[in-house]
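> Pasting a structure here, questions to come.
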Amino acid sequence: MLGATPAGLIYSQQEQPYFAPVMCDRRAAFVQADPRATALHTNGKPAMQRPKICVVGASNIDLISYAPRLPKLGETIPGTRFQMGFGGKGANQAVMAAKLGGDVAIVTKVGQDIFGEDTRKNFAKYGIDTTYAFTAADSFTGVAPIWVEESSGNNAIIVALGANDLLSPADVGQARPALEAAQVVVCQWELQLDTALAALRIARAAGVMTIFNPAPARSSLPDEAYTLSDIFCPNESETELLTGMPVATIDEAAAAGRECLARGAGNVILTLGERGSLLVTHEQIAHVPAPQVRAVDTTGAGDAFVGSLAYFLAAGRTLTSAVERANRIAAVSVQAPGTQSSFPDVADLPSELLAG
Ligand code: ADP
Numbered sequence: 045m046l047g048a049t050p051a052g053l054i055y056s057q058q059e060q061p062y063f064a065p066v067m068c069d070r071r072a073a074f075v076q077a078d079p080r081a082t083a084l085h086t087n088g089k090p091a092m093q094r095p096k097i098c099v100v101g102a103s104n105i106d107l108i109s110y111a112p113r114l115p116k117l118g119e120t121i122p123g124t125r126f127q128m129g130f131g132g133k134g135a136n137q138a139v140m141a142a143k144l145g146g147d148v149a150i151v152t153k154v155g156q157d158i159f160g161e162d163t164r165k166n167f168a169k170y171g172i173d174t175t176y177a178f179t180a181a182d183s184f185t186g187v188a189p190i191w192v193e194e195s196s197g198n199n200a201i202i203v204a205l206g207a208n209d210l211l212s213p214a215d216v217g218q219a220r221p222a223l224e225a226a227q228v229v230v231c232q233w234e235l236q237l238d239t240a241l242a243a244l245r246i247a248r249a250a251g252v253m254t255i256f257n258p259a260p261a262r263s264s265l266p267d268e269a270y271t272l273s274d275i276f277c278p279n280e281s282e283t284e285l286l287t288g289m290p291v292a293t294i295d296e297a298a299a300a301g302r303e304c305l306a307r308g309a310g311n312v313i314l315t316l317g318e319r320g321s322l323l324v325t326h327e328q329i330a331h332v333p334a335p336q337v338r339a340v341d342t343t344g345a346g347d348a349f350v351g352s353l354a355y356f357l358a359a360g361r362t363l364t365s366a367v368e369r370a371n372r373i374a375a376v377s378v379q380a381p382g383t384q385s386s387f388p389d390v391a392d393l394p395s396e397l398l399a400g
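Start counting at 1 in the sequence shown, then tack on 44, and there's your number in this note's numbering.
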């Protein structure tokens, strides 16, 4: 049922029917007979048993050292614990979509080193196609050495993107078959912007649905990144930096979302942490509150959300339905520690979340 939230926004929890898109006019493709429904095309291909997703993005290795306090400059202190984890926004989103059952291809670049080998093995573990996981002979696999102060949970991080920075528009061009075969192409901003734009352009030209997650946050983004995004999906800080507008209330977030639409995005989904997410389209504004959970580690929540969103859209769900489902899966992820390790397995999810 539709209803007005305290913020005066329309929120529908009801499953919306899928409306066939009009392929000749992209704006028209999002204008539905039912104004509550926002259906997107999936490259003119029927939703198949295994939705096809192509993720263009970074792969990093997190190297997490824990100590009672952070060292001062020049100081060496004993640590209590060390943990290595697979990360990088592209890798995380690919793993989330694959864990849900997606047929996922990754376009990424690693170094010719042990971390690059481990990264490939990790993709293989989830059945992710690494045909276009390139190797840079002259760089290193992206790493994020992280220091965590145990008493406070505060951290200090250096992200050295290494080979990720060398993933080029030409590499993406080589990966064209994977991009064109997908129902949904996803990319983030943890790459050279030209590389992300090249991927979005190829997908757009092939009529493949595009999701752009402008993360990590930066302040200026060319209009083309908006116009090439069927779905533009920033978090709170990214939205504030990009639009210069506050998102402290849902009404403010809606205004910032409308600004992203005005810049050319087809549809906007703002992720709002524990407040859930906000869908802003030309037809509707819908606040999807997050399930109330006890969060233990929110690292990677945005990647769980975007990877799930890509999966559900590739599976032919409406935008409203995909957002509601992604919201629920991201809420599961914040209840476990780590990034990829916190992403739920299908077996741990209620069956109605995947079926129906
Ligand atoms: P990011 O990790 O990029 O900062 P967010 O913090 O906005 O992204 O989180 C992404 C999504 O994860 C949210 O839209 C929400 O669905 C879910 N989420 C995040 N934090 C919580 C929380 N404390 N409780 C429930 N869900 C959460």
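C-beta atoms are modelled at their ideal positions from N, C-alpha and C, and glycine is treated no differently.
Under the three-state reduction of DSSP, which class applies to S386: helix, strand or coil?
As a working mapping, residue 386 is identified with position 342 in the sequence shown. S386: helix per DSSP, three-state reduction.
> Using a Cβ-based criterion (distance less than 7 Å to any ligand heavy atom), does E280 qualify as near the ligand ADP?
Position 236 of the sequence shown, counting from 1, holds the residue named residue 280. True, at least one ligand heavy atom lies under 7 Å from that Cβ.
> Contact between the stretch 249-262 and the stretch 216-234 is defined here as three or more beta-carbon pairs at a separation below 8 Å; is this criterion met?
yes
> List the DSSP bridge partners of L314.
Residue numbering aside, residue 314 sits at position 270 when the sequence shown is read from its first letter. Per DSSP, L322.
> Give the list of continuous beta strand (DSSP E) stretches no shorter than 3 residues that lie fully inside the stretch 157-216.
Within the stretch 157-216, the complete beta strand (DSSP E) runs of at least 3 residues fall at 173-180, 186-193 and 199-201.
> Specify the secondary structure class of V252 as computed by DSSP and reduced to three states.
Mapped onto the sequence shown, residue 252 falls at position 208. Looking at V252 - three-state DSSP - the assignment turns out to be coil, as it is neither helix nor strand.
> Round the Cβ separation of G131 and D106 to the nearest angstrom and send it over; I've been treating them as touching at under 8 Å.
Position 87 of the sequence shown, counting from 1, holds the residue named residue 131. Position 62 of the sequence shown, counting from 1, holds the residue named residue 106. Yes, G131 and D106 are in contact; Cβ-Cβ is about 4 Å, under 8 Å.
> Evaluate the contact criterion for the stretch 199-217 versus the stretch 140-147: three or more CB pairs, one atom per stretch, below 8 Å.
no
> In terms of residue numbering, what span does the alpha helix (DSSP H) encompassing R369 cover?
As a working mapping, residue 369 is identified with position 325 in the sequence shown. R369 -> alpha helix (DSSP H) spans L363 to S377.
> Let me know the alpha helix (DSSP H) ranges lying completely inside the stretch 254-299, each 4 residues or longer, listed in chain order.
Counting whole runs of 4 or more residues, the stretch 254-299 contains the alpha helix (DSSP H) stretches 267-271 and 280-287.
> Determine the extent of the beta strand (DSSP E) in which A149 is found, giving its start and end residues.
On the sequence shown, residue 149 is found 105 positions in, with the first residue counted as 1. Note, A149: beta strand (DSSP E), D147 to G155.
> Three-state secondary structure (DSSP) at Q137?
Stepping through the sequence shown from its first residue, residue 137 is reached at position 93. Correct three-state label for Q137: helix.
> DSSP on I246, reduced to helix/strand/coil?
Counted from its first residue, the sequence shown places residue 246 at position 202. DSSP places I246 in helix when its eight states are reduced to three.
> Should the stretch 275-283 be regarded as contacting the stretch 296-314, the criterion being three or more beta carbon pairs within less than 8 Å?
With the cut-off at 8 Å, the stretch 275-283 and the stretch 296-314 touch.
> Does the Cβ of G382 lie closer than 7 Å to at least one heavy atom of the ligand ADP?
Looking up residue 382 in the sequence shown gives position 338. Answer for G382: no, Cβ out of range of the ligand ADP.
> Spatial neighbours of Y270 within its chain, please: CB distance less than 7 Å, with the 5 preceding and 5 following residues excluded, ordered by chain position.
Position 226 of the sequence shown holds residue 270. So the list reads F276, C304, R307, G308 and A309, once near-sequence residues are dropped.
> On the three-pair Cβ rule with 8 Å, is the stretch 171-180 touching the stretch 372-384?
As far as the Cβ criterion goes, the stretch 171-180 does not touch the stretch 372-384, which means the pair count is below three.
> Let me know if S264 comes out buried or exposed under the rule of 16 or more other beta-carbons within 10 Å of its beta-carbon.
Here residue 264 corresponds to residue number 220 of the sequence shown, with the count starting at 1. S264 should be labelled exposed.
> State the Cα-Cα distance for the pair V216 and R113, rounded to the nearest angstrom.
Your numbering for residue 216 matches position 172 in the sequence shown. Your numbering for residue 113 matches position 69 in the sequence shown. If I take the Cα positions, the gap works out to 42 Å.
> Between which two residues does the alpha helix (DSSP H) carrying S103 extend?
Working through the sequence shown from its first residue, we reach residue 103 at position 59. Here S103 belongs to no alpha helix (DSSP H), and DSSP marks it neither H nor E.
> Could you work out which residue in R248, G288 and A242 is closest to R262 when comparing CA atoms only?
For the purposes of this step, residue 262 is taken as residue 218 along the sequence shown, with counting starting at 1. Closest by alpha carbon: G288.
> Would you kindly work out how many angstroms separate the C-alpha atoms of Q127 and E193, rounded to a whole number?
Your numbering for residue 127 matches position 83 in the sequence shown. Your numbering for residue 193 matches position 149 in the sequence shown. Using only the alpha carbons, I get a separation of about 14 Å.
> So the candidates are C231, E327, S195 and A334; which of them puts its Cα closest to the Cα of R319?
The residue you call residue 319 lines up with position 275 of the sequence shown. The option with the nearest alpha carbon to R319 is A334.
> Would you report the Cα separation of Q336 and A181, rounded to the nearest angstrom?
Residue numbering aside, residue 336 sits at position 292 when the sequence shown is read from its first letter. Residue numbering aside, residue 181 sits at position 137 when the sequence shown is read from its first letter. Rounded to the nearest angstrom, the two C-alpha atoms are 47 Å apart.
> Kindly indicate which three-state DSSP category Q328 falls into: helix, strand or coil?
Within the sequence shown, the letter at position 284 stands for residue 328. In this structure, Q328 counts as coil in the three-state DSSP scheme.
> Can you name, in chain order, every residue of its own chain whose Cβ lies under 6 Å from the Cβ of V376, other than the five neighbours on each side?
Numbered from 1 along the sequence shown, position 332 holds the residue referred to as residue 376. When the five nearest sequence neighbours on each side are left out, the beta carbons in the same chain lying within less than 6 Å of the beta carbon of V376 are those of P388, in order along the chain.
> In the DSSP assignment, what residue or residues form a beta bridge with R125?
The residue given as residue 125 occupies position 81 in the sequence shown. In the DSSP output, where bridge partners are listed per residue, R125 has Y110.
> Can you name the residues that DSSP bridges to Q232?
Here residue 232 corresponds to residue number 188 of the sequence shown, with the count starting at 1. DSSP lists N257 as partners of Q232.
> For the ligand ADP, I want to know if P335 counts as a neighbour, meaning its beta carbon is within less than 7 Å of at least one of the ligand's heavy atoms.
For the purposes of this step, residue 335 is taken as the residue at position 291 of the sequence shown. Under cutoff, so the answer is yes.
> Taking C-beta to C-beta, are S183 and L211 nearer than 8 Å?
Position 139 of the sequence shown, counting from 1, holds the residue named residue 183. Position 167 of the sequence shown, counting from 1, holds the residue named residue 211. In this structure, L211 does not lie closer than 8 Å to S183 by Cβ.
> Name the DSSP bridge partner or partners of K96?
Residue numbering aside, residue 96 sits at position 52 when the sequence shown is read from its first letter. Answer by DSSP bridge pairing, in chain order: D147.
> Which residue comes first and which comes last in the alpha helix (DSSP H) that contains P335?
Taking the sequence shown and counting its residues from 1, the one referred to as residue 335 is at position 291. Where P335 is concerned, there is no enclosing alpha helix (DSSP H), given that its DSSP letter is neither H nor E.
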